[in-house]
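Visitor: Below is the structure I would like to discuss, written out as structure tokens.
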Amino acid sequence: MKKLIDKLEKNRNLSKEELTMLVADQSAENLQYLNERAVAVRRSVFGNSVYIRGLIEFTNYCKNDCYYCGLRCSNRKADRYRLTPKQILQCCRKGHELGFRTFVLQGGEDPYWNDERLEVLIGEIKREHPDCALTLSIGERERKSYQRLYDAGADRFLLRHETANADHYGMLHPAEMSHANRLRCLKDLKEIGFQTGCGFMVGSPGQTTETLVEDLMFIREFEPAMVGIGPFIPAGNTPFSGEKTGSVELTLRLLSIIRLMNPKVLLPATTALGTAKEDGRAMGIKAGANVIMPNLSPTDVREKYRIYDNKLATGVEAAEGLKELELEMGKIGYKIEITRGDSPLCINTHKKQTN
């Protein structure tokens with residue numbers, strides 16, 4: 002297996018059969034070696050830097066009814082909220098004072114936030130903080146909508162593909178949502194010029210080694226600027242509330258594989274990883290990840306953004322815990338980087354970097 006890992010590091014292009022062997026491997030020794038090689042590759046590109054993003058969960062309204070998500074529209078027990086533009090701008094000001102130079106606006110697919118409202122908000126954020134990057138994570142929209150948001154000043158867009166297998170996608174989403182449309186959105190985002198991120202949950206219901214390999218092959222072909230993966234964690238009041246949490250070990254293995262496949266990718270150690278295991282975020286960094294997204298949302302709404310149960314919102318998960326996070330990263334040999342942290346894959350081509 003170590004020869005296979007070395008081949009991946011050297012060529013970044015294993016066959017489907019070889020990827021299947023690597024994903025399915027259960028050896029702790031091989032996992033350690035895989036993590037070590039991923040860290041070496043990450044250091045060769047990014048040094049010991051960890052990039053931070055200020056996460057603003059600005060609405061938990063959603064028109065969709067995805068089977069795994071606690072924000073699904075049929076969840077009548079969700080305590081809904083929607084931040085005002087004034088509140089969002091206050092979050093950005095606070096984040097800028099703390100040292101954040103990327104803000105991530107994340108929310109459900111909330112019809113209230115149409116193109117017009119988002120254009121105004123994006124413009125205000127960019128005028129106040131021209132030295133900052135703005136990332137959107139607001140789901141599926143038409144191409145013309147994505148274009149308007151890009152033209153308004155948004156730099157990046159995160160949209161998990163969830164799974165590269167259409168049948169598996171159908172197991173996770175209602176019939177009115179289509180796998181083809183999700184892939185269309187990703188294609189449009191990248192063509193428009195967004196630094197585009199995709200990703201998936203590890204251990205989602207119906208997932209197999211074969212579908213995971215399809216995910217890896219899709220990521221290799223799509224060449225995203227960022228990949229967000231984390232263990233599936235069940236949410237109450239959803240069809241999957243009784244399912245088990247995804248494997249942290251498998252998540253770490255996949256993080257390392259993705260790092261070796263794409264050395265320049267931005268790879269978060271997600272909140273889900275920290276929720277599934279106490280030191281999960283540090284373990285993610287030690288598996289090749291290089292991004293952390295502390296929460297900048299107002300403290301009184303953080304518990305309401307329940308995409309899954311028991312989501313962490315305090316300590317190093319919170320923007321207020323940035324000093325604690327710096328100490329935690331320092332203990333394992335890393336430093337927090339106070340920059341925009343653009344993807345090396347996009348820095349020379351994205352129009353906003355050349356103005």
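So in our numbering the end of the sequence shown lands on 356, straight run, no missing numbers. Here a beta-carbon is modelled for each residue, glycine too, at the ideal position from N, C-alpha and C. Bear in mind that the values here come from a model prediction, so they are computed numbers and not experimental data.
Whole angstroms is fine: what's the gap from L160's alpha carbon to S257's?
Guide: Answer to the nearest angstrom: the Cα atoms are 21 Å apart.
Visitor: Rounded to the nearest angstrom, what separates T300 and G109 at their Cα positions?
Guide: C-alpha separation (whole angstroms): 18 Å.
Visitor: Is the beta carbon of L1 sitting closer than 7 Å to the one on I6?
Guide: For the chain, the structure presents residues 2 to 356; residue 1 sits outside this window and is missing.
Visitor: Helix or strand or just coil, what does DSSP make of N76?
Guide: The answer is coil: DSSP assigns N76 none of H, G, I, E or B.
Visitor: Less than 7 Å between the beta carbons of V105 and L56, yes or no?
Guide: Result yes, Cβ atoms of V105 and L56 sit closer than 7 Å.
Visitor: What are the start and end residues of the alpha helix (DSSP H) that includes P232?
Guide: P232 -> not in any alpha helix (DSSP H); beta strand (DSSP E) instead, spanning 227-232.
Visitor: Cα separation between L1 and A320?
Guide: In the structure as shown, the chain starts at 2 and stops at 356, and residue 1 therefore has no counterpart that could be examined.
Visitor: Excluding the 5 residues preceding and the 5 following T276 in the sequence, name in chain order all residues of the same chain whose CB lies nearer than 7 Å to its CB.
Guide: Closer than 7 Å at the Cβ level, and outside the excluded window around T276, lie I234, N311, K312, L313.
Visitor: From what residue to what residue does the beta strand (DSSP E) around R185 run?
Guide: Looking at the DSSP string, R185 is not in any beta strand (DSSP E); the run it does join, the alpha helix (DSSP H), is 180-193.
Visitor: Straight-line CA distance for G154 to L135?
Guide: Cα to Cα, G154 sits roughly 8 Å from L135.
Visitor: Within this structure, are the beta carbons of K59 and L90 separated by less than 7 Å?
Guide: A small fix is needed here, since residue 59 is Phe in this sequence, not Lys. No; because the gap between Cβ atoms is not below 7 Å, this pair is not in contact.
Visitor: Leaving out the 5 sequence neighbours to the left and right, which residues in its chain are closer than 6 Å to V254 when beta-carbon positions are compared?
Guide: Reading the sequence as shown, one finds Arg at residue 254 and not Val. Counting only Cβ-Cβ distances below 6 Å, and skipping sequence neighbours, we find L32.
Visitor: Buried or exposed for Y113, please, with buried defined as at least 16 other CB atoms from any protein chain shown within 10 angstroms of its CB.
Guide: Exposed, since its Cβ has fewer than 16 Cβ neighbours within 10 Å.
Visitor: Can you list the alpha helix (DSSP H) stretches of 4 or more residues lying completely in the region 122-176, in chain order?
Guide: For the region 122-176, whole alpha helix (DSSP H) runs of length 4 or above, ordered along the chain, are 144-153, 167-173.
Visitor: Can you give me the Cβ contacts of K278 inside the same chain, cut-off strictly under 6 Å, excluding the 5 residues immediately before and after it?
Guide: The residues are V249.
Visitor: Express the C-alpha separation of T271 and K352 in angstroms, rounding to a whole number.
Guide: Here K352 scores only 47 on pLDDT, less than 50, and its place in the model should not be relied on; the value that follows carries that caveat. Approximately 28 Å, taken between the alpha carbons.
Visitor: What's the C-alpha gap between T350 and F158?
Guide: At T350, the pLDDT of 45 sits below 50, so the modelled position is not reliable and the matter cannot be decided from this model.
Visitor: Consult DSSP for G71 and reduce its assignment to one of helix, strand or coil.
Guide: It is coil, neither helix nor strand.
Visitor: Would you give the residue range spanned by the alpha helix (DSSP H) that F223 belongs to?
Guide: Unbroken alpha helix (DSSP H) run through F223: 210-223.
Visitor: Could you spell out the range, first to last residue, of the alpha helix (DSSP H) harbouring G207?
Guide: That residue, G207, is in no alpha helix (DSSP H); it is neither H nor E in DSSP.
Visitor: Do the region 282-297 and the region 328-346 make contact, defined as three or more Cβ pairs closer than 8 Å?
Guide: Enough Cβ pairs lie closer than 8 Å, so yes.
Visitor: Is Y52 helix, strand or coil by DSSP?
Guide: Y52 falls in the strand class under three-state DSSP.
Visitor: Measuring only the C-alpha atoms, how far is S45 from Y69?
Guide: Near 37 Å, if we compare the C-alpha coordinates of Y69 and S45.
Visitor: Whole angstroms is fine: what's the gap from S211's alpha carbon to D168's?
Guide: Residue 211 is actually Glu in this sequence, not Ser. Approximately 12 Å between the Cα atoms of the pair.
Visitor: Measure the C-alpha to C-alpha separation of G231 and I139 and round it to an integer number of angstroms.
Guide: Rounded to whole angstroms, G231 to I139 spans 18 Å at the Cα level.
Visitor: Identify the residues that DSSP records as bridge partners of T103: which are they?
Guide: Beta-bridge pairing links T103 to A134.
Visitor: Nearest-angstrom Cα distance between E224 and K191?
Guide: Taking the straight line from one Cα to the other gives about 10 Å.
Visitor: Check V46 in the structure and name its three-state DSSP category.
Guide: Residue state, collapsed to three classes: helix.
Visitor: I'd like to know whether the C-beta atoms of V292 and V266 end up nearer to each other than 7 Å.
Guide: Going by C-beta atoms, V292 is not nearer than 7 Å to V266.
Visitor: According to DSSP, is K312 helix, strand or coil?
Guide: It is coil, neither helix nor strand.
Visitor: Could you pull out every residue in the same chain whose Cβ sits closer than 8 Å to the Cβ of M294, ignoring the five residues on either side in sequence?
Guide: I53, R54, G55, L56, V105, P269, T271, T272, listed in sequence order.
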